[in-house]
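According to our numbering, the residues represented by the sequence shown are 351 to 456, in order.
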Amino acid sequence: MGDIRKNPSEDDKKQVTERLAEVIERSRVMANLEILLDRRKLIWNNFLAGLAKGVGFGVGLTVLAAVVIYFLVIVLKSIVALNIPVIGNYIADLVQLVQDQIQNQR
Numbered sequence: 351m352g353d354i355r356k357n358p359s360e361d362d363k364k365q366v367t368e369r370l371a372e373v374i375e376r377s378r379v380m381a382n383l384e385i386l387l388d389r390r391k392l393i394w395n396n397f398l399a400g401l402a403k404g405v406g407f408g409v410g411l412t413v414l415a416a417v418v419i420y421f422l423v424i425v426l427k428s429i430v431a432l433n434i435p436v437i438g439n440y441i442a443d444l445v446q447l448v449q450d451q452i453q454n455q456r
């Protein structure tokens, strides 16, 4: 079954203790425990995390909206180019409104 010692020596105990201390230190248990016990650090870290998520969400949504509007304008221009009588004028007005909004924002 293996070499099972009933009475480990002091050196073995010390070696296991040192290895356990290294594992705990690498997992940063103490740093995380300090943050959890200090309410100010916990609140500050959560505030910064929420702020970063909010900024990321805002930037991502802005880029996504810009890409969608860009492709929408391209599609609408191609539909206008087909010169469909009823829909063409409506879409031409819509494209003009979008382009006016883009020009006003610059």
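All C-beta atoms, glycine included, are put in the ideal place defined by N, C-alpha and C.
Short check: CB of Val-405 to CB of Val-423, under 7 Å? The residue labelled residue 405 in the question sits at position 55 within the sequence shown. The residue labelled residue 423 in the question sits at position 73 within the sequence shown. In this structure, Val-423 does not lie closer than 7 Å to Val-405 by Cβ.
Cβ neighbour criterion (16 or more within 10 Å) applied to Val-430: In the sequence shown, counting from the first residue as 1, residue 430 sits at position 80. Buried, by the Cβ-count rule.
Whole-angstrom C-beta distance between Leu-426 and Ile-441, which should lie under 8 Å: Locating residue 441 in the sequence shown gives position 91, where the first residue counts as 1. Locating residue 426 in the sequence shown gives position 76, where the first residue counts as 1. The pair is a contact, with the Cβ atoms about 5 Å apart (cut-off 8 Å).
Mapping DSSP to helix, strand and coil, what is Asn-357? As a first step, residue 357 must be located in the sequence shown, where it is residue number 7. DSSP places Asn-357 in coil when its eight states are reduced to three.
When the Cα atoms are used, what is the spatial distance from Leu-444 to Ala-399? The residue labelled residue 444 in the question sits at position 94 within the sequence shown. The residue labelled residue 399 in the question sits at position 49 within the sequence shown. If you take the alpha carbons of Leu-444 and Ala-399, they lie about 40 Å apart.
Alpha carbon to alpha carbon, what distance is there between Ile-452 and Gly-410? Counting from 1 along the sequence shown, the entry for residue 410 is found at position 60. Counting from 1 along the sequence shown, the entry for residue 452 is found at position 102. C-alpha separation (whole angstroms): 19 Å.
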